[in-house]
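These protein sequence lines are chains S and U, in that order.
So for the first sequence, numbering that gives the first Met the number 0 puts the first residue at 0; every next one is plus one.
So for the second sequence, numbering that gives the first Met the number 0 puts the first residue at 0; every next one is plus one.
Backbone N, C-alpha and C fix where the C-beta goes; we use that ideal spot for every residue, glycine too.
Protein chains: 2
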Amino acid sequence: MVTSDEHRLVPHPTPSSVTPEQFKAAFRNHPAGVAVITADAGDGPVALTATSVFSVSAEPPVLVFSVSEHSSSTPTIRRAATVVVHLLGAGQLDIAKLGATSGIDRFADTSIWSRLPTGEPYFPAAHAWIRGEVVNQMEVGGSTVVAVQALETHAPPPGDHSADAEEAQPLVYHNRTWHRLGDHSKIA
Amino acid sequence: MVTSDEHRLVPHPTPSSVTPEQFKAAFRNHPAGVAVITADAGDGPVALTATSVFSVSAEPPVLVFSVSEHSSSTPTIRRAATVVVHLLGAGQLDIAKLGATSGIDRFADTSIWSRLPTGEPYFPAAHAWIRGEVVNQMEVGGSTVVAVQALETHAPPPGDHSADAEEAQPLVYHNRTWHRLGDHSKIA
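Next comes the structure, spelled out in structure tokens:
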């Protein structure tokens with residue numbers, strides 16, 4: 000498939016010679032913040048843990064995340080008009096684990112979730128959350144990259160000293176382990 | 000714009016009442032791994048630091064990242080057929096800072112970059128890197144989300160103990176500070 004046109008456009012993906020193991024090895028050292036995404040498209044609440052959430056633009060306020068075709072929550076999230084993206088602190092590791100565990104009812108414990116006035120299921124204990132509407136989707140490699148424009152946010156107010164507490168420190172996922180950021184992890 | 004149809008589809012984004020400040024406050028606690036993306040679409044090499052890289056699928060091997068219309072490197076990356084995504088360890092903070100600094104020639108120091116046999120500029124010191132072809136792009140909020148299918152990867156082989164060294168430990172960006180993950184940051 001190599002042509003003499005060095006800067007050719009590639010209209011269709013060519014077969015990759017990179018194996019899944021090689022690709023995972025390259026990403027093994029790439030850490031990520033942790034989010035739980037919830038939605039209800041009319042067929043009951045779903046929640047899944049994602050390490051693929053990032054802010055694309057602050058004005059307009061847009062974020063993206065990806066969902067795999069292998070997740071049981073994906074059909075609902077792909078159909079939902081609105082979702083809630085929870086950005087988790089270290090104190091909410093239980094919610095992160097809940098959204099990452101297969102074969103359980105993630106909404107069995109009714110003491111940890113509720114519904115917003117607009118109807119979406121959410122976890123009030125999350126450090127911060129963003130309710131938004133799905134404005135675009137892109138299919139890639141059997142997954143869907145979902146773009147969400149924020150309609151409503153909830154975060155500790157600036158200068159809130161409770162935000163310095165250990166449970167509010169950022170949660171990071173890396174190579175099957177959980178980490179907590181703080182002064183102890185800063186590079187001088 | 001609120002209707003009685005609770006699960007309405009939203010064909011066009013409605014104006015958001017969330018301010019840029021509120022959106023940034025919600026994301027303030029959301030950390031990310033650090034990557035530098037390089038490309039050359041025929042008009043010279045570009046490099047930019049991104050905290051928006053994530054793996055979408057291992058089979059096929061696909062990743063995504065976003066580039067803002069405000070970055071000088073974006074026009075080249077949007078035109079390039081192939082890019083190199085470098086996933087950085089704590090020992091490569093200098094490369095991360097280089098790709099995040101405006102108004103300088105990021106390729107002035109010819110001792111730290113080179114070209115792959117296929118022509119792309121790259122930083123050989125990066126902990127891991129992935130060369131891939133751009134297979135899809137999605138415009139959202141003035142930014143472009145770029146999907147890249149891996150053609151070639153470079154990573155320390157499994158069991159390579161140099162990968163345990165401090166400089167290979169993951170680099171994390173959080174709220175304008177740099178962090179290093181390791182046993183010291185693990186949640187027990």
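- Listed along the chain, the chain S residues whose CB falls inside 7 Å of the CB of Arg175 (chain U) amount to none; the nearest CB is some 11 Å away.
- At a Cβ-Cβ threshold of 8 Å, Asn28 (chain S) and Ala127 (chain U) count as neighbours.
- Per DSSP, Thr81 (chain U) is one residue of the beta strand (DSSP E) stretching across 81-86.
- When only Cα atoms are considered, Ser54 (chain U) and Ala40 (chain U) end up about 24 Å apart.
- Contact of Ala24 (chain S) with chain U by beta-carbon distance below 9 Å involves Ala127, Thr152, Ala154, Pro155, Pro156, Pro157.
- At a C-beta separation below 9 Å, Leu92 (chain U) has these neighbours in chain S: Ile186.
- Residue pairing by DSSP leaves Gln21 (chain S) without any beta bridge partner.
- A residue is called buried once 16 or more other Cβ atoms fall within 10 Å of its Cβ, and Gly43 (chain S), having fewer, is exposed.
- Counting only runs of 4+ residues, the alpha helix (DSSP H) found wholly inside the segment 61-117 of chain S occupies 73-78, 92-97, in chain order.
- The Cβ atoms of His69 (chain U) and Leu180 (chain S) do not sit closer than 8 Å to each other.
- Annotated three-state conformation of His153 (chain S) is strand, per DSSP.
- Residues Ala146 of the same chain have their beta carbon placed closer than 6 Å to that of Asn135 (chain S), with the five preceding and five following residues left out of the count.
- Under the Cβ distance rule, Ser110 (chain S) does not count among the residues neighbouring chain U, no pair being separated by less than 8 Å.
- Within the same chain, and ignoring the five residues on either side of Gly98 (chain S) in sequence, the residues whose Cβ sits closer than 7 Å to its Cβ are Val35, Ala46, Leu47, Thr48, Arg105.
- Contact fails between the segment 149-156 of chain S and the segment 65-83 of chain U, because fewer than three Cβ pairs, one in each stretch, are under 8 Å apart.
- The beta carbons of Val144 (chain U) and Val82 (chain S) sit no closer together than 8 Å.
- In summary, Ser184 (chain S) is buried, with 16 or more beta-carbon neighbours lying within 10 Å of its beta-carbon over all protein chains present.
- Neighbours of Ser142 (chain S) in chain U, taken as residues whose beta carbon is under 7 Å from its own, are Val55, Ser56 in chain order.
- Exclusion of the five residues before and after His173 (chain U) leaves Pro30 as the residues of its chain whose Cβ lies within less than 7 Å of its Cβ.
- Following the DSSP letters along the chain, one finds Asn135 (chain U) inside the beta strand (DSSP E) bounded by residues 127-139.
- Taking 8 Å as the cut-off, the beta carbon of Gly88 (chain U) is found closer than this to the beta carbon of Gln168 (chain U).
- In terms of Cα proximity to Arg78 (chain U), the closest of U:Ala164, U:Glu165, U:Val133 is U:Val133.
- Under the 10 Å beta carbon count, Ala38 (chain U) is surrounded by 16 or more other beta carbons and is classified as buried.
- Among the residues facing chain U, Ser51 (chain S) is included, as its CB has a counterpart in that chain under 8 Å away.
- One finds Ser15, Val17, Pro19, Phe22 in chain U with Cβ atoms closer than 7 Å to the Cβ of Pro60 (chain S), taken in chain order.
- In the assembly as shown, Ser16 (chain U) is an exposed residue. Its beta-carbon has fewer than 16 other beta-carbons within 10 Å.
- Taking C-beta atoms as the reference points, Pro19 (chain U) and Pro120 (chain S) fail to come closer than 8 Å.
- Residue pairing by DSSP puts Pro169 (chain S) in a beta bridge opposite S:Gly88.
- When beta bridges are read from the DSSP output, Ser54 (chain S) appears opposite S:Leu62.
- If the five residues before and after Val171 (chain U) are omitted, its C-beta is found closer than 8 Å to the C-beta atoms of Pro30, Ala31, Gly32, Val33, Trp177, His178, Arg179, Leu180, all from its own chain and listed in chain order.
- Taking 8 Å as the threshold, the shortest C-beta distance from Arg179 (chain U) to chain S falls below it.
- Of the candidates U:Asp93, U:Ser51, U:Ala95, U:Gln148, U:Gln148 places its Cα closest to the Cα of Ala80 (chain U).
- For Leu180 (chain U), there is no enclosing beta strand (DSSP E), as DSSP gives it neither H nor E.
- For Val45 (chain U), the uninterrupted beta strand (DSSP E) run begins and ends at 45-49, by DSSP.
- Residues of chain S whose Cβ lies closer than 8 Å to the Cβ of Leu86 (chain U) are, in chain order, Ala25, Phe26, Asn28, His29.
- Using a CB distance cut-off of 8 Å, Ser101 (chain S) does not count as an interface residue toward chain U.
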